[in-house]
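Enquirer: Mind looking over this structure? Questions follow.
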Amino acid sequence: MPIYYGNSADVELRIQACLDDFSGVEKFNIAAAARDYCVPVTRLRARIKGRSSRHDRPGANQRLTKVQDDTLKLYIRRCDDLGMPCLMPQLTEWLTRWIERHPECRRIKQKPQDINRTAMATFEAYSQHFTRLKKVMYDHGITPTDTYNMDETGFRIGIG
């Protein structure tokens with residue numbers, strides 16, 4: 234008849250107690266310690282060798298560690314604050330599941346740009362604008378360090 238050790242959380246507590254009691258002992262009988270604490274021998278041996286418990290390990294299908302996951306959330310929030318898209322092509326494969334686990338980082342559909350604004354955004358229009366800007370800066374003696382780029386996200390000094 235197989236031995237029933239109890240639920241996983243109780244077994245982990247007993248394993249931790251065993252490890253605490255034998256922490257100063259260099260060599261001890263693992264099988265006897267497992268019997269004394271009523272824990273599986275293989276699991277106790279794995280903990281002694283340094284393997285973490287199932288409660289401490291990330292899920293089998295999670296590719297990121299906790300630190301990497303937090304860093305990705307920070308990157309997404311920063312891009313959102315700056316009004317920029319997150320440009321990471323490697324996100325496409327598992328992004329859907331990641332967003333399900335992190336509802337605070339949900340996708341927001343952008344509004345389409347006005348058709349008149351799109352039609353006016355031509356190379357010639359931009360070229361003409363910057364040619365006039367360069368002439369005004371030259372006429373008034375404005376250096377690039379005296380220019381500011383300001384929009385709804387803030388301003389950047391020295392960027393024209």
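Residue numbering for the sequence shown follows this note's numbering, starting at 234 and increasing by one per position. Beta carbons: idealized from backbone N, C-alpha and C, even for Gly.
With a cut-off of 8 Å on the beta carbons, I'd call L277 and A267 a contact; round off their distance for me.
Expert: Confirmed, Cβ separation roughly 5 Å.
Enquirer: Since L320 and R280 should fall inside the 8 Å C-beta cutoff, what is the C-beta to C-beta distance between them, to a whole number of angstroms?
Expert: Going by Cβ atoms, the distance from L320 to R280 rounds to 42 Å, so no, they are not a contact pair.
Enquirer: My assumption, with CB atoms under 8 Å, is that R270 sits in contact with A250. Please give the rounded CB distance.
Expert: For clarity, residue 270 is Tyr in the given sequence; the question names Arg instead. Right, their Cβ atoms sit about 7 Å apart.
Enquirer: Exposed or buried, I236, counting other C-beta atoms within 10 Å across all chains shown (16 or more means buried)?
Expert: Looking at its Cβ environment, which holds fewer than 16 other Cβ atoms inside 10 Å, I236 is exposed.
Enquirer: Whose C-beta lies closer than 6 Å to the C-beta of E245 among residues of the same chain, with five residues either side of it excluded?
Expert: Cβ neighbours of E245 beyond the five flanking positions: S286.
Enquirer: Which residues in the same chain have their Cβ closer than 6 Å to the Cβ of G393, if we skip the five residues on either side of it in sequence?
Expert: Low confidence applies to G393: its pLDDT is 49, below 50, so where it sits in the model is not reliable enough to give any reading.
Enquirer: Answer yes or no: do Y308 and V272 have a C-beta to C-beta separation smaller than 8 Å?
Expert: No; because the gap between Cβ atoms is not below 8 Å, this pair is not in contact.
Enquirer: Go through the region 294 to 370 residue by residue and report every complete run of the alpha helix (DSSP H) that reaches 4 residues or more, in order.
Expert: List check, alpha helix (DSSP H) in window: 299 to 315, 328 to 334, 348 to 353.
Enquirer: How long is the line joining the alpha carbons of I332 and L305, rounded to whole angstroms?
Expert: Their backbone Cα atoms lie some 11 Å apart in a straight line.
Enquirer: How long is the line joining the alpha carbons of D314 and R334, rounded to whole angstroms?
Expert: Their backbone Cα atoms lie some 21 Å apart in a straight line.
Enquirer: Nearest CA to the CA of R296: which residue from H288, R330, G316?
Expert: The candidate whose alpha carbon is nearest that of R296 is R330.
Enquirer: Answer with buried or exposed for I248, where buried requires no fewer than 16 other C-beta atoms within 10 angstroms of its C-beta.
Expert: Buried.
Enquirer: Which residues bound the alpha helix (DSSP H) around R276?
Expert: Note, R276: alpha helix (DSSP H), 274 to 281.
Enquirer: By Cβ distance, which residues of its chain are closer than 7 Å to F261, with the 5 residues on each side in sequence left out?
Expert: Answer for F261: F255, listed in chain order.
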